[in-house]
Structure formats: C-alpha cells, structure tokens
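Numbering (the numbering used here), first residue to last: 20 to 197.
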C-alpha cells in the first residue's frame, strides 16, 4: 500500500526522511527559542530581585512549548511572588518583561526562524498556528508546524498540487537576467 501511495520504495523512504528532518529542525528551533525565552526571563527576574529566578526561568522554558497559553501561565507565578515580595510596581514590571520577551521572541523571531529553517513562509507558519489552534486547541498550536509540513510534503509529491506546495515555500530571491 505504501508503494502504491508514494510510488517507489525509495520515494516513500525519502518522504519519511524529509518529514523526520523537518520535525527535528522544528524541535531544534523551538528548543532554541524556548531556551532564549527562559534565559532572558531568568535575567529579568534576577534584575528585579524576585526570589527563585532559576525556577521561574526553567518553567518559562518548559511552558514555552505550549504557544500563547504557556507563556501566560509561566508569567503568573513570578508576578504573584513579586507582588507579595515588593508590591504592585515590581509585579507589573515582571509582567511587562514577560510580555516584551514573548512578543519579541514568540511573535517576531520564532516565526521567522521557523519559516527560514523549515522552508515555510512566515505567513504560512502564522496561519497554520491559528488554524491548527482553532481546530485542536493548544495541542494543535504545538503540532501546527509538523502538521503543515506533512501537508506540504504530500502536496509537493502530487503533480497536480505541487503549485500549492510552492506557494507555501519561504520567499525566494530572484536574480534579474541581464
């Protein structure tokens, strides 16, 4: 059945390898951005003097794998602790720092890295995040890029649908002919 679906045995194997490589690249990029988010959050909380900054940074790293909701959940405990320790101003500064970190990394840097690293347009990464999040909730957001890459790989192997796969690609640089 697999040979019938994918053509020759080597075609099917190369598609599975391609998908596996894509998922590995996705996890590498996601881990890198999660590490950066956790590290910067730790430094910010140390600067503010909030207790247990390493714990909060580690939790930020872990929760960053859950898009949007994870970042919000990770910001609450250190903000509450800052409120208890220092008052409203430090708590708001803690939340502001988390907001800035997550907008900078999660909304600007990460989609660009995912688009470039996976050969997907940044717009496709963003739309896939919204679509799969709408379909499957937070789990869909975590799986959005691997699911979209699966579809892209399938489309690229279909003669009649290859053009859709091409539209999903990262922007190409065109050289003018002289």
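Built from N, CA and C at the ideal position, the CB exists for glycine as well.
What residue range does the alpha helix (DSSP H) around residue 129 cover? 129–137
Within 10 angstroms of the Cβ of residue 103, are there 16 or more other Cβ atoms? Answer buried if so, exposed if not. exposed
Taking the DSSP output, what are the residues bridged to residue 70? According to DSSP, residue 70 bridges with nothing at all.
Take every Cβ of the segment 47–63, pair it with every Cβ of the segment 76–95, and state whether three or more of those distances are shorter than 8 Å. yes
Output the boundary residues of the alpha helix (DSSP H) element that contains residue 101. 88–104
Assuming residue 147 and residue 161 make a contact with CB atoms under 8 Å, what is their CB distance in whole Å? So it is not a contact: roughly 12 Å between Cβ atoms.
List in chain order: all unbroken beta strand (DSSP E) runs of 3+ residues lying wholly within the segment 43–70. none
Through-space distance from residue 143 to residue 177, alpha-carbon basis: 19 Å
What residues are listed by DSSP as bridge partners for residue 188? 139
Nearest CA to the CA of residue 52: which residue from 173, 85 and 70? 85
For residue 85, the three-state DSSP class (helix, strand or coil): coil
Between the beta-carbon of residue 185 and the beta-carbon of residue 38, is there less than 8 Å? no
Return the first residue and the last residue of the alpha helix (DSSP H) that residue 163 is part of. 157–175
Okay, do the segment 129–139 and the segment 95–115 touch, 3+ Cβ pairs below 8 Å being the bar? no
Buried or exposed for residue 133, going by 16 or more other Cβ atoms inside 10 Å? buried
When the Cα atoms are used, what is the spatial distance from residue 35 to residue 172? 9 Å
Going by Cα to Cα distance, which pick from 50, 44 and 98 is closest to residue 72? 98
I need the DSSP call for residue 123, collapsed to helix, strand or coil. helix
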